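These notes concern the structure reproduced below.
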Amino acid sequence: MKKAKIKAVREGITLKKLLINSLEKELADSFEGQQEVPWKSLRGQGSADALSAEESGFEDYSGPGYFHSTQVNDSD
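Start counting the sequence shown at 466; every next residue gets the next number (my numbering).
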């Protein structure tokens, strides 16, 4: 922290501005090499990859859906 204070004084900026600049630079450097979002590279690699929708345990569920006026197993 003392080194950061010294650097801020030498650059003539506040410590807050120095920390913000450092964090922005760190974030820019970490995302520079990434072409896509990180979770896309993980798709299909987890332990649930082999599961199908029918194996979810909810195929016979007839309770309310997410919306109050919609049922999960509405009859046609």
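Glycine included, C-beta positions come from ideal geometry on N, C-alpha and C.
Note that the coordinates shown come from a computational prediction; the quantities given were computed from them, not determined experimentally.
For residue j and residue i, the rounded distance between their alpha carbons
i: K490; j: A515; result: 40 Å
i: E519; j: A513; result: 13 Å
i: K418; j: S521; result: Given that the chain is displayed from residue 466 to residue 541, the structure contains no residue 418 and the question cannot be resolved.
i: L488; j: L507; result: 27 Å
i: S517; j: G511; result: 13 Å
Under 9 Å between C-beta atoms of residue i and residue j
i: A469; j: L483; result: yes
Nonlocal neighbours in the same chain, by C-beta distance under 8 Å from residue i, ignoring five residues either side
i: L480; result: A469, K470 and A473
i: G509; result: none
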